[in-house]
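Colleague: Numbering (this note's numbering), first residue to last: 37 to 459.
(1) Since residue 293 is in the alpha helix (DSSP H), which residue starts that stretch and which ends it?
(2) Is it the case that the stretch 380 to 397 contacts the stretch 349 to 356, given that we only count it when at least three CB pairs across the two stretches are under 8 Å?
(3) Who pairs with residue 200 in a beta bridge, going by DSSP?
(4) Which one of 446, 367, 407, 377 has the shortest CA to CA distance from residue 423?
(5) Can you tell me where the alpha helix (DSSP H) holding residue 159 begins and where it ends?
(6) Going by alpha carbons, who is nearest to residue 170 out of 116, 124, 203, 197?
(7) Do the CB positions of residue 297 and residue 319 come within less than 9 Å of each other?
(8) Over the uninterrupted beta strand (DSSP E) stretch that includes residue 252, give me the two end residues.
(9) Using the C-alpha atoms, what's the distance from residue 451 back to residue 435?
(10) From residue 401 to residue 334, what does the alpha carbon distance come to, in whole angstroms?
(11) Can you tell me whether DSSP reads residue 206 as helix, strand or coil?
(12) Starting from residue 239, trace the alpha helix (DSSP H) both ways and give me its first and last residue.
(13) Bridge partners of residue 423, per DSSP?
(14) Between residue 168 and the rest of its own chain, which residues show a CB-CB distance below 8 Å, the 5 nearest in sequence each way excluded?
(15) Going by C-alpha distance, which of 99, 131, 111 is nearest residue 303?
(16) Do three or more CB pairs link the stretch 192 to 208 to the stretch 239 to 256 at distances below 8 Å?
(17) Work out the CA separation of residue 358 and residue 301 for me, nearest whole Å.
(18) For the beta strand (DSSP E) holding residue 452, just list the boundary residues, first then last.
(19) Got a sec? Which residues, its chain only, sit under 7 Å from residue 368 by beta carbon, not counting five neighbours each side?
(20) Do you know offhand how far residue 165's Cα is from residue 299's?
(21) By DSSP, does residue 380 sit in helix, in strand, or in coil?
(22) Identify, in the order they occur along the chain, each residue of the same chain with its Cβ nearer than 6 Å to the Cβ of residue 427, setting aside the five sequence neighbours on each side.
(23) Quick one: what's residue 351 bridged to in DSSP?
(24) What does the Cβ neighbour count give for residue 444, buried or exposed, with the cut at 16 atoms within 10 Å?
(25) Looking only at its chain, what residues have a beta carbon closer than 6 Å to the beta carbon of residue 270, apart from the 5 residues adjacent to it on each side?
(26) Quick test of your reading: residue 293 and residue 365, contact by CB under 8 Å. State the CB separation rounded to the nearest angstrom.
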């Protein structure tokens, strides 16, 4: 019969099974080698791409460093402009107030800072992206609202005169700052401060009621730029700032309180060449308006004056060059600021608001009040000693005078002082 099975596996089958296992290990090893090769190649490609990026943008870390420095500054219009100009160098001061231009520049900056653009600094780039947006929001930029422009053939408001200047209403108002020999070397911040002080000096004279003796000058403006880098910051430093977006509000502010500063004015090169009094693009002082053959115009006082008075006004059409897109004005009336050289006798004039128009003024002082005043004045002689009378409530209201008499009232226990007011 047949061969009896012993349960043993033939050699050739055993060899075949072993060979299959070897073949399987061989395939696994090939797969592992392929994976390792693919991983190595991918890493090599990443390094190659990074190297290529480093070669194409060698200053990317410097860019992030510059952005870091700007973000450490106090949020303001000037610092926002500085930040956006890192990616959009051509962005102007007027552009940063225009929402479309500002958002376009912001998007450009965020693209430059995106982590994909900085593979070696992903955590830092991610943080800066967030900081850029936060900084932008903190600056609280107000955008000009839509408004109807005036027709060129008629004034914008029947309630306003066809022509008005600050000097017409307040002849003593001073627009100027001392002559600037080195104006071509002024920084943007210094120019902004000087224009702001043009406005403050004029409003100080309005509050004072006559020409001021203690006006802000070039040196003070330069010193303030260490902490205030634009017009808004200067006004805030002196009590507050308000924004004006339309022709009506700008006119009303000028007519009631004095000049305003246009921060959105961006003249063309042709205008700069034509007007010798406009040397640079900077904020300008608007001191009035007029109606011409070609329509309504703003009357602009140039910054660089050869004298405090007498510089010709520049006419800029309403709505042109963005001049009335955004104007700023101080909220401070400057009535509690001293504008005249002392020494002073402080007087309570609440019962006589128009005391400066009178010929004489009588004051009542306690012994202590008189002694405090005499510490400033020193020795006084009746009919000779000049004294500056100052309103206790409104220090801007002062008037020079000559002491006429001093008498002690025993019943009222105070001094009665009479002074003759002089112009």
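We put the CB at the ideal spot given by N, CA and C, even for glycine.
Modeller: Put simply:
(1) 283 to 293
(2) no
(3) 325
(4) 377
(5) 158 to 174
(6) 116
(7) yes
(8) Element bounds for residue 252: n/a, residue is neither H nor E.
(9) 20 Å
(10) 49 Å
(11) coil
(12) 224 to 244
(13) 437
(14) 103, 107, 119, 142, 145, 146, 149
(15) 131
(16) yes
(17) 5 Å
(18) 450 to 457
(19) 274, 275, 276
(20) 28 Å
(21) strand
(22) 385, 433
(23) 335
(24) exposed
(25) 229, 232, 264
(26) 7 Å
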